[in-house]
Structures are given as structure tokens and as C-alpha cells.
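Residue numbers (the UniProt record's numbering): 1 to 352.
Even for Gly, the Cβ is constructed at its ideal location relative to N, Cα and C.
Here the structure is laid out as C-alpha cells; the discussion comes afterwards.
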């Protein structure tokens, strides 16, 4: 679990090692000099083992890079290592090993090098009960180095983006769960840090509030990594998704690439003149298989046919429309299968 005040920069066992102290103070701020051609953040081999009577390998040599301005959405079931990865990056917990590079320059002090340039929204709401919404944002804008003359302007803009207008003087303890969450995310972005980490930022929000949140996050164009349970929701935010399972980074790519990898595509439901007539369903399946590689009968509902994403789906359905009499069909329904369903089945099979 994350410690109350984060991980210590130097453990007690290493307090008398001069080389460790040198590494701690050796980080040069000029590694943040912008370089558009290189990865902004590159992480190699981050590993974390929780010791005990039953050791848990929470992170297994996870590696990835994030370019400047990119937003990456991190998904996975509970216990997959999402929060452990984010907490290691924020410095809330220490990692056993791993190398951090910022603009390809290695940071000797590890993930501590990120902290002066980082906006964070943890999984739990961390607020001061007696401070108002405005006071929270004013405080963190000042901490981030916003000059006194611009603090009011920056706070007002942030409140507008996150739809917190009219709550200026309301104490955080009086906010609804959804508005507390919005305030925590707004604090992460205030002052435009170079990198933002958000752990389940939309938890406790209804659909409309989640849409507002994704829109506000997108408007900042700040390099971000966001933990979420919703793949379809994430598509409005990014074109890059990480999928984690059992401490490993299982997938890194676009939503369409994710669909192809996990065979998530279209669900075709034929409506025959004679209900349950499997003879013509099988004829239809063979025709589909000649046109789309990978078409199969749904394992959940054997009246449906599943087939993967393909570029010429419109032409395929137009041809099927013309062949309705051949297959003794009145009509058909077509839907795009939800990625959540496919990943849920995959994670459930893994647990079993």
C-alpha cells in the first residue's frame, strides 16, 4: 500500500552510502528541455514484489514509452497491477527495479525525478475538508509556481473547464462524490504540469459527468496516463491503450488493434422465416466465412454470427441484403460488440 507521505528517497539501510546520496542530488533539471523527436517518458523493466508469507509479484518488468502530449489509458481488472504501476511512478511506493528516462536522458534518482513536474489524482479523494473549491485550486496553483498576478485567471479557467463554476466558496466536505472527484482531477491539471497521472478519475460519476471529465482532460493536451475500467469510454480520450493482467503489460496499441487482437468485431443476428432453422444459419455462416476470415458462431448465443473488424463491412452488408431470399431471411441486425465484454471474458477465463 502507498505510504502516507510517499516512499523515502533513501532507505535507512543505505543512509551511509555516499554513492546513493550522489544519485539523489545528481538529477539535472535540463533533462526537461523539450525535444520533439524523442519519447518524453521511457520506462524500462519496472518490477515490484510485495514480500510476506505469500509474496505477490505485483509488477513484472513492465516497459513502455510515452510521447509528449500523448494520453494513454490503462485498463485491467482489480489486482492487475494498474494502481501499483501508477503509485510507483508517483513515488508513493518504491519499485524494486526499473529505469526512468526523460527525453532519453537517464534519471539517476529514478521516479523521484518526476515529482516536481507531476500532477496526480489518486484513487481516493485527497482534499482539505475546511478549504473551499477555490482555495484548493489557488493553493495548488501557487505551489506549481503560477505567478501571483495570474493565479485568479488560471483558477477561473480551470473551474470553467471542469464545470465547477458556482462552487467557489463551497467547502470540499460539502461537495457531492462526483464533484469531489472533479476537484481532485482539476488539482492535478492546475498550473499545467508536464505530466499527469490519474487513477480512476471518473469513479463515482454519472454518464454526463464522465463525458465532461474526458472533454476537460483532452482540452489540456498534457502528457497523461489514465487508469480506467471502461475501454469504450477511453476511445473518446485517446488512441492508445495499455491492458494489464497479473502484473504484466499485455497490450499496447490503438482500440482497433485491441479489437483485432482479442477478436472483437461485429455481431450479426439473422432473422429467419422459420425461427431456429439452423440449416440456413449454417449456409449463411459458410457464406460469411468465404467473405470474412474468422467468422464464427457466437459461443454465448448460437443464433448469432461473430466476425472481426473489416474495412469493407458496408459492401458486405449490402450484398447480404440482396441475398436475404437465398438464406430464407426476413432481415438481420448488426451491432458492434463491446470491448468490455471481450476483455471481461478473457479476464474471467484467466481467473478460472
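Where the beta strand (DSSP E) containing residue i begins and where it ends
i, result
"residue 48", "41–50"
"residue 138", "Careful: residue 138 lies outside any beta strand (DSSP E), inside the alpha helix (DSSP H) at 133–143."
"residue 353", "Examination of residue 353 is not possible in this model, given that the chain is present from 1 through 352 alone."
"residue 61", "56–66"
"residue 307", "305–307"
When the options are compared against residue i, the one with the closest alpha-carbon
i, options, result
"residue 240", "213, 330 and 223", "223"
"residue 82", "94, 249 and 307", "249"
"residue 303", "321, 282 and 312", "282"
"residue 195", "102, 51 and 203", "102"
"residue 63", "166, 238 and 251", "251"
"residue 206", "269, 181 and 246", "181"
"residue 104", "143, 291, 152 and 40", "40"
"residue 98", "238, 46 and 124", "46"
"residue 49", "57, 42 and 43", "57"
"residue 138", "100, 186 and 106", "186"
"residue 313", "325, 84 and 268", "268"
"residue 309", "320, 238, 260 and 325", "260"
"residue 200", "84, 52, 55 and 149", "84"
"residue 311", "324, 256, 344 and 53", "256"
"residue 70", "262, 238 and 287", "238"
Neighbourhood of residue i by C-beta, 6 Å cutoff - its chain only, sequence neighbours within 5 removed
i, result
"residue 198", "121 and 226"
"residue 300", "none"
"residue 154", "141 and 146"
"residue 60", "247 and 248"
"residue 293", "none"
"residue 77", "347"
"residue 298", "304 and 306"
"residue 184", "121 and 125"
"residue 212", "163"
"residue 80", "244 and 245"
"residue 287", "none"
Whole-angstrom distance between residue j and residue i, CA atom to CA atom
i, j, result
"residue 147", "residue 156", "15 Å"
"residue 334", "residue 158", "42 Å"
"residue 68", "residue 218", "14 Å"
"residue 135", "residue 129", "11 Å"
"residue 295", "residue 327", "17 Å"
"residue 273", "residue 208", "41 Å"
"residue 306", "residue 230", "22 Å"
"residue 330", "residue 285", "16 Å"
"residue 289", "residue 254", "26 Å"
"residue 177", "residue 220", "23 Å"
"residue 169", "residue 133", "6 Å"
"residue 210", "residue 244", "22 Å"
"residue 235", "residue 280", "37 Å"
"residue 166", "residue 66", "36 Å"
"residue 124", "residue 322", "55 Å"
"residue 215", "residue 316", "35 Å"
"residue 27", "residue 161", "A caution first: residue 27 carries a pLDDT of 46, below 50, which makes its placement in the model unreliable, though a value can still be read off. Straight-line Cα distance between these residues: approximately 34 Å."
"residue 93", "residue 266", "42 Å"
"residue 193", "residue 44", "23 Å"
"residue 189", "residue 171", "20 Å"
"residue 174", "residue 115", "30 Å"
"residue 42", "residue 74", "16 Å"
"residue 271", "residue 291", "20 Å"
"residue 152", "residue 127", "20 Å"
"residue 332", "residue 72", "37 Å"
"residue 87", "residue 95", "9 Å"
"residue 344", "residue 324", "34 Å"
"residue 143", "residue 51", "36 Å"
"residue 320", "residue 202", "41 Å"
"residue 55", "residue 204", "32 Å"
"residue 179", "residue 262", "36 Å"
Residues near residue i by beta carbon distance below 8 Å, same chain, minus five either side
i, result
"residue 145", "191"
"residue 258", "231, 241, 243, 251, 264 and 339"
"residue 131", "139, 171 and 172"
Cβ-based neighbour list, residue i, same chain, cut-off 7 Å, excluding 5 preceding and 5 following
i, result
"residue 90", "118, 120 and 197"
"residue 31", "Note that residue 31 scores a pLDDT of 48, beneath 50, so its modelled location is shaky; the value from the coordinates is reported in the next line. For residue 31, where only same-chain residues beyond five positions count, the Cβ hits under 7 Å are 102, 103, 105 and 107."
Strand pairing of residue i, partner residues [DSSP]
i, result
"residue 322", "According to DSSP, which records beta bridges pairwise, residue 322 is partnered with nothing at all."
"residue 121", "198"
"residue 252", "242"
"residue 269", "333"
"residue 224", "71 and 196"
"residue 171", "132"
"residue 105", "102"
Start-to-end residues for the alpha helix (DSSP H) that takes in residue i
i, result
"residue 179", "177–189"
"residue 240", "No alpha helix (DSSP H) contains residue 240, which DSSP labels as neither H nor E."
"residue 210", "207–220"
"residue 278", "278–291"
"residue 101", "Run containing residue 101: none in the alpha helix (DSSP H); it sits in the beta strand (DSSP E), 97–102."
"residue 85", "82–90"
"residue 146", "Residue 146 -> no alpha helix (DSSP H), and no H or E assigned at all."
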